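Everything on this sheet refers to the single structure shown next.
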Amino acid sequence: MSGQSKTMDTDRPAAALGAARSAADLVVAIAADANVAGFSVKGPRRVEGRVDAASLHSFASALRTRVGFEHLSAISCVDWLADGQFELVYHFWSYRDNCLVSAHVRIARDSASMETITDLWQPASFFERDIHEMFGVTFQGNTDLEKYILTDWAGPPPMRKDFVSRDFAHDHFEFKDYEPSWDDLVTGGYHGSRGVAEGSNE
Amino acid sequence: MNSGLGLIVWIIAYPFVSFFLGVLLGGYGRKFTARIQRRVGPSWIQPFYDVIKLMSKKTNVSHGYMHDVAMMMLVGGTLLTMYFVPVPGFHYFSQFGDYIVIMYVMLVAPLGMALGVGQTANPNGSIGIARALEMLAGYEVTFVLTFIGMAMKNGTTSMYDLMLAQQAGGMATWAIVTDPLLGIAALFALQGMMNEKPFEVIVAPHEIATGPMTEMGGKYLGMMFIQHLINLVVELTIYMNLFLGGALNWFEYVIKLFVLFTLVMSVNAVYGRFRTDSALRFYWKLPLPMAALGVIGIMIRGI
Amino acid sequence: MADTELTQRGAWNKVIANLKKRSLWMLHYCTGCGAVELPPTMTSRFDMERFGIMPMVTPRQADILLITGYLSVKTLKRVILIYEQMVAPKYVVGFGSCTINGGMYWNSYSTIKSLDQYLPVELFLAGCMPRPEAIVTGFNALIDRIDRGEANSWEDYYKNYDFYHKNQLHAFGEIETHHDIKSDGRYFGIAEAQR
Amino acid sequence: MSDIVTASDGRDIMPGAFAPENREYNMFIGPNHPGIEGNFALKLTVEGDTIIKAKTEAGFLHRGFEKLMEERLFIQNIAIVARICVPDPDPNEENYARAIETIANIEVPRRAQFIRVLVLELSRIASHLFTFGGHAGTIGLYTMPNWSISDRDRVLDLFEELTGGRVYHIYNMPGGVRRDLPDGFKDRVRDVMNFIEDRLVEYDDLFFNNKIMLQRAIGIGILPRDKALAWGATGPDLRAAGFAHDVRRDDPYEVYSELEFEVPTATDSDAYSRTMVRRREIEQSIGIVRQVLDRMPEGPVWNKQPNPLKWRVPAGDAYVRTESSKGEYAYYMVSDGGVRPYRVHVRGASVTHGVHILENMLVGARIEDASQIMFTLDACPPEVDR
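Chains as they are written, first to last, in the working numbering: chain S, 50 to 251; chain D, 12 to 314; chain A, 1057 to 1251; chain L, 1357 to 1742.
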């Protein structure tokens, strides 16, 4: 049952940082190949940059095959309402180099659409489905975009910035009136919220 | 006491006595398990409260005619079995029916359950019934084989005579002492017959949501509980009569019941449940050859 | 409220209520995060079984429907189906602040705010989340109510089904229920008792 | 499955009954089912006892956390993030605090870092003990949940003393932790660690070496290494497939880089090895807790922040990862310089385990193993639903 368990050596962070540098260099080189620029080392084991929507797939494919980014950590989506754009952030992790690449992609907010990467990373299907459900971004090539979490939801995609959850809740759900009169509470004369609220506070 | 007025009193009172014993046994079993699990556990007569609660439910959700009748078959079949099993002071019916009859009427209750559950049309229930029938092929074969051994040895199939034969020389003539192979094999079978772990594949809450009980509520579940409690007593008594020399007085009877049940519950508390196929494999690998060896031993000694 | 046959208390009913209160089975359904405090309550340390309270698997077998915390609209739909499958008398226990007034999810678009709009609630346990001691205290309060014959909230569902049904429709639209609540209510003789 | 029952003259006695489309039936496990961890549902297509197709259904626990966070102040969110993962809430607090610290460049005092590691490891122990109870429950061994979940209460008592909360702690603040350790707390932690170490031996007898447990769990729910990588497994599920990756070691945060611990792995990648990896992780966590207690320096525990109600975090984004008891737990936070987070994306550890991996692994499994597979994957539905 005991596999290859490695003991932690104390100077490992420095070594990992060194590895990250080399991986980061590779990422920057690939980015240059894929005609995207601006990839830079953001911190220890973090590389970040912007990619065009059109070249994301080829860039991701190169990341996977040439540098060995085997693990898709997550796909995040940010709604920049003022700019009229969605920002998709792909987080890739390399088990070999211990390095995380965050690729930022901006797409238009109206009829938002993006190429899928499920052919490269299978777990992407959940993240894409989730973003489709919460933001309304369509992923071309992903066959499994039906509703998952919000099957009973009829409203707009709720994570968009123009949807205000507080207003929706106030419109759709009833709240109890709870306005206790503190005098009654102290003297023990409190008999339920509605009866008290009528006479005291209003 | 096996004739006249006493007999009538017995026939009327016996179901209640059985139920009362079953309540005590069931409560004791739950308390015992709780103590192994480092808990306080429920009241000693918790099953009684449960049954009262279930029988006082207001709604009856019936799934059809068969669903109602099956509950009668369930309890009726078990009561019928109960009458044929001799206990101290009451063995009137055992002169009319030997173990073969007991085996036969014992199947009425599972059949009733199967019919009733079939009508509820819940897949969990159907799987539970399928599993119950599958398990029959495991423990029933073993148990019948051990019984055949006992019958061959004593030359009778009457449970009362078997019991008397074992009572002849005190503990030394108990079948579990004279034929330990048969006794132990039957003990395995008893564990499955009582549907306790590791052979508790029929109810299996995490797998099939309590199987046959899935659609049962209120009085239906109450009937199943009553049947279960009486069945506890009946099954333990059958084993006791076959291998522990039965009992001549109620004191001995109750002591033996509780000791035997403690054994069953101890195993129940520290084991998980088998998969259905491995339970069957287990039965055919260990207890069945054991029982067969025991029977062969008896045949050789008989020659 | 008209005293129905069910709520009249004779000596026999008192005895039965006294026995009934010792056996309560709750539905083993984790509707929300409060369910994480149920395993400690069931297991050795707090040992709910001393009061005869046991988790049960299917709605048909259960007496208590414990709503363990917030209810998303999607779960509410299932909970109502489950509640209607349960066998009366049945008790709904709202567990945690979120069943009372939304709790910290007061502005969530996905959870309902007030459980008693949709189901008749017997008892609320406040707290986020209630500790096992609070759960035990709550169950003891329920046991006392059953003993006194006051735990009749389930009748309210039959009496005021229009109210509950209207709110249910508002929350998630039409659902296919398998029980005719109105005729059940007539069977109990309490359907037209009110209004 | 080609044995079609026919009468002796070759005529099909039950026409159509054994046609492929009639041999299958649908079975629902959940959302109300004891074999489901949390509020979750499995829609199975079953043939005999074998599952031929599995679909998950989630969303029963959806509260819209990501939306709620956008509508609240930074300080208010500390109270709600813990609720995202119920059995193991502390990675949420850790992630949330660390995301803000990364964006705003806040330094955390060293003592606070040690205390955070202490809380995280205690939480991991508690969560694993909970999982053992769940796994044992699926195979019907109900003594084990009674033991392990009440032993977990010892850890919860420590939390209660330290933070005031049993389950949710609301303890990590951006810039440190909320309060210092109480007097004598270290000794009590040591006592509980010794207690749990002793209990693990008893669990061996009851559960880990139980004959029935071995028979039920070995060879069930195999997630081979290549599949685990392709399907995005993390945490103990990945390590049970022989791949030693641990965020604590490979992407260290707080003071994990100074602590000594092993990353336990197994090679069989079945249900049994996943549970055994968790068992050995508890041993490692106990070791980490002891080291933390020994090495913890004196000093402040909170780097004081400005008025929380008007607290602005500078614009920027951060992706922070934590090793929770279930796997990689990550937050992506974007701030636009306002008083509220602009966007927080929660990547629960179970989003891969509970959906993609579970759906794939259930195919070909038997019904009785479905819930065991789910529990040994430790899929936590609230993380999927958020």
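Note that CB positions come from ideal geometry on N, CA and C, so glycine has one too. Because the structure is a prediction, the values reported are computed rather than measured.
Check your understanding: For S/Ala152, which residues of its own chain have a beta-carbon under 6 Å away from its beta-carbon, when the five flanking residues on both sides are left out?
Key -> For the purposes of this step, residue 152 of chain S is identified with residue 103 of the first sequence, where counting begins at 1. Closer than 6 Å at the Cβ level, and outside the excluded window around S/Ala152, lie Val100, Tyr139.
**Study point:** CB-CB length for S/Phe141 against S/Ser162, believed under 8 Å
**Key:** Here the question's residue 141 of chain S lines up with position 92 in the first sequence. Here the question's residue 162 of chain S lines up with position 113 in the first sequence. With a Cβ gap of about 22 Å, S/Phe141 and S/Ser162 do not count as contacting.
Exercise for review: Find the residues of chain L that neighbour S/Ser122, judging by a C-beta separation of less than 8 Å, and give them in chain order.
Suggested key: Walking along the first sequence from the start, residue 122 of chain S turns up at place 73. Correct list: Tyr1675, Arg1677, Glu1684, Ala1686, Arg1703.
Review point. What's the gap between the Cα of S/Phe222 and the Cα of L/Arg1668?
Key: Indexing the first sequence from 1 puts residue 222 of chain S at position 173. Indexing the fourth sequence from 1 puts residue 1668 of chain L at position 312. Cα to Cα, S/Phe222 sits roughly 32 Å from L/Arg1668.
Review point. Helix or strand or just coil, what does DSSP make of D/Met66?
Key: Within the second sequence, the letter at position 55 stands for residue 66 of chain D. D/Met66 falls in the helix class under three-state DSSP.
Practice item. Would you mind stating whether A/Leu1127 and A/Thr1087 have Cβ atoms separated by less than 8 Å? Key: What you label residue 1127 of chain A is simply residue 71 of the third sequence in a count that begins at 1. What you label residue 1087 of chain A is simply residue 31 of the third sequence in a count that begins at 1. In this structure, A/Thr1087 lies closer than 8 Å to A/Leu1127 by Cβ.
Check your understanding: Taking only beta-carbon atoms, is A/Met1057 less than 8 Å away from chain L?
Key -> Position 1 of the third sequence, counted from the first residue, corresponds to residue 1057 of chain A. Residue confidence for A/Met1057 is low, a pLDDT of 42 falling below 50, so the modelled location carries little weight and cannot support an answer.
Check your understanding: Should L/Asn1451 be flagged as near chain D, meaning a C-beta pair shorter than 8 Å?
Key -> Looking up residue 1451 of chain L in the fourth sequence gives position 95. No, L/Asn1451 does not count as interfacial toward chain D.
Check your understanding: Considering only the beta carbon of each residue, do L/Met1569 and L/Ile1495 sit closer than 8 Å?
Key -> Along the fourth sequence, read from residue 1 onward, the residue named residue 1569 of chain L stands at position 213. Along the fourth sequence, read from residue 1 onward, the residue named residue 1495 of chain L stands at position 139. Contact: yes.
Practice item. For L/Glu1616, count neighbouring Cβ atoms within 10 angstroms of its own Cβ and tell me buried if that reaches 16, exposed if not. Key: Mapped onto the fourth sequence, residue 1616 of chain L falls at position 260. Burial call: exposed.
Check your understanding: Whose Cβ in chain L lies nearer than 8 Å to the Cβ of S/Pro206?
Key -> Indexing the first sequence from 1 puts residue 206 of chain S at position 157. Ordered by position in chain L, no residue passes the 8 Å Cβ test against S/Pro206, which lies about 11 Å from the chain.
Exercise for review: May I ask you to list, following chain order, the residues of the region 1153-1165 of chain A that have a beta carbon less than 9 Å from some beta carbon of chain S?
Suggested key: Ile1156, Asn1157, Gly1158, Tyr1161, Trp1162, Asn1163, Ser1164, Tyr1165
Review point. In chain A, which residues lie less than 8 Å from D/Gly4 when you measure between Cβ atoms?
Key: Absent from the model: residue 4 of chain D. The displayed extent of chain D is 12 to 314, so no value can be given.
Practice item. Could you pull the start and end residues of the beta strand (DSSP E) that S/Thr187 belongs to? Key: The count along the first sequence starts at 1 and reaches residue 187 of chain S at position 138. First-last of the beta strand (DSSP E) with S/Thr187: 187-189.
Check your understanding: In angstroms, rounded to a whole number, what distance separates the CA positions of L/Met1549 and L/Val1645?
Key -> Position 193 of the fourth sequence, counted from the start, is the residue given in the question as residue 1549 of chain L. Position 289 of the fourth sequence, counted from the start, is the residue given in the question as residue 1645 of chain L. Taking the straight line from one Cα to the other gives about 8 Å.
Exercise for review: Just confirm the distance between the C-beta atoms of L/Leu1537 and L/Ile1471, as a whole number of angstroms; I'd bet it's less than 8 Å.
Suggested key: For the purposes of this step, residue 1537 of chain L is taken as residue 181 along the fourth sequence, with counting starting at 1. For the purposes of this step, residue 1471 of chain L is taken as residue 115 along the fourth sequence, with counting starting at 1. That pair is a contact at about 7 Å.
Review point. Skipping 5 residues on each side, what residues in its chain have a beta carbon closer than 7 Å to that of L/Pro1738?
Key: Here residue 1738 of chain L corresponds to residue number 382 of the fourth sequence, with the count starting at 1. Here the set comprises Gly1394, Leu1417, Ile1440, Cys1441, Val1442.
Practice item. Specify, as a first and last residue, the run of the alpha helix (DSSP H) that L/Ser1629 falls within. Key: Your numbering for residue 1629 of chain L matches position 273 in the fourth sequence. Unbroken alpha helix (DSSP H) run through L/Ser1629: 1627-1651.
Check your understanding: Got a sec: which bits of the region 1090-1103 of chain A sit with their beta carbon under 7 Å from any beta carbon on chain L, in order along the chain?
Key -> Val1092, Glu1093, Pro1095, Pro1096, Thr1099, Ser1100, Arg1101
**Study point:** Selected residue, minimal CA-CA separation from L/Glu1457, among L/His1712, L/Val1676, L/Lys1567, L/Leu1718
**Key:** Along the fourth sequence, read from residue 1 onward, the residue named residue 1457 of chain L stands at position 101. Of the listed residues, the one whose Cα sits closest to L/Glu1457 is L/Val1676.
Review point. For A/Ser1239, is the classification buried or exposed, using 16 other Cβ atoms within 10 angstroms of its Cβ as the cut-off for buried?
Key: Counting from one through the third sequence, the residue named residue 1239 of chain A turns up at place 183. The residue is exposed, with fewer than 16 neighbouring Cβ atoms inside 10 Å.
Practice item. Please specify which runs of the alpha helix (DSSP H), each continuous and at least 4 residues long, are wholly inside the region 134-192 of chain S, giving them in chain order. Key: 173-184
Review point. Do you know how far the Cα of L/Arg1535 is from the Cα of L/Thr1401?
Key: Position 45 of the fourth sequence holds residue 1401 of chain L. Position 179 of the fourth sequence holds residue 1535 of chain L. Distance between the alpha carbons of L/Thr1401 and L/Arg1535 is about 52 Å.
Check your understanding: Can you tell me the Cα-Cα spacing of A/Leu1132 and L/Asn1528, whole angstroms?
Key -> Looking up residue 1132 of chain A in the third sequence gives position 76. Looking up residue 1528 of chain L in the fourth sequence gives position 172. So the two alpha carbons sit approximately 33 Å from each other.
Point to revise | Distance, D/Val214 Cα to D/Arg286 Cα | key: Taking the first residue of the second sequence as 1, we reach residue 286 of chain D at position 275. Taking the first residue of the second sequence as 1, we reach residue 214 of chain D at position 203. Rounded to whole angstroms, D/Arg286 to D/Val214 spans 12 Å at the Cα level.
Check your understanding: Can you name, in chain order, every residue of its own chain whose Cβ lies under 6 Å from the Cβ of L/Asn1663, other than the five neighbours on each side?
Key -> Position 307 of the fourth sequence, counted from the start, is the residue given in the question as residue 1663 of chain L. Taken in chain order, the list of residues that qualify is empty.
Practice item. Give the DSSP bridge partners of A/Pro1111, in chain order. Key: For the purposes of this step, residue 1111 of chain A is taken as the residue at position 55 of the third sequence. The partner list for A/Pro1111 (beta bridge, DSSP) reads A/Met1082.
Review point. Is the shortest distance between the beta-carbon of L/Asp1593 and the beta-carbons of chain E less than 8 Å?
Key: In summary, chain E is missing from the structure at hand, where the protein chains are S, D, A and L.
Review point. Using a C-beta to C-beta distance shorter than 8 Å, which residues of chain D count as neighbours of L/Pro1390?
Key: Taking the first residue of the fourth sequence as 1, we reach residue 1390 of chain L at position 34. Per Cβ cutoff of 8 Å: Pro216, His217, Ala220.
Check your understanding: Just how far apart, CA to CA, sit D/Arg284 and L/Ala1492?
Key -> Looking up residue 284 of chain D in the second sequence gives position 273. Looking up residue 1492 of chain L in the fourth sequence gives position 136. C-alpha separation (whole angstroms): 10 Å.
Exercise for review: Check the Cβ-Cβ distances between A/Ile1168 and every residue of chain S, and say whether any is below 8 Å.
Suggested key: Taking the first residue of the third sequence as 1, we reach residue 1168 of chain A at position 112. By this cut-off, A/Ile1168 is an interface position.
Practice item. Mark S/Ala65 as exposed unless 16 or more other C-beta atoms lie within 10 angstroms of its C-beta, in which case mark it buried. Key: Indexing the first sequence from 1 puts residue 65 of chain S at position 16. Here the model assigns S/Ala65 a pLDDT of 43, short of 50, so the residue's position is not dependable and the matter cannot be decided.
Review point. Just to confirm, are D/Leu243 and D/Phe158 a CB contact at a threshold of 8 Å?
Key: As a working mapping, residue 243 of chain D is identified with position 232 in the second sequence. As a working mapping, residue 158 of chain D is identified with position 147 in the second sequence. No. Outside cutoff.
Exercise for review: Compute the Euclidean distance between the alpha carbons of L/Asp1509 and A/Arg1101, then round it to the nearest angstrom.
Suggested key: The residue given as residue 1509 of chain L occupies position 153 in the fourth sequence. The residue given as residue 1101 of chain A occupies position 45 in the third sequence. L/Asp1509 and A/Arg1101: Cα-Cα distance of roughly 8 Å.
Exercise for review: State yes or no: is the beta carbon of L/Trp1763 nearer than 8 Å to at least one beta carbon in chain A?
Suggested key: Residue 1763 of chain L lies beyond the range of chain L shown here (1357 to 1742); nothing can be said about it.
Practice item. Report the residue ranges of all alpha helix (DSSP H) runs contained in full by the region 227-271 of chain D; include only those spanning at least 4 residues, in chain order. Key: 230-254
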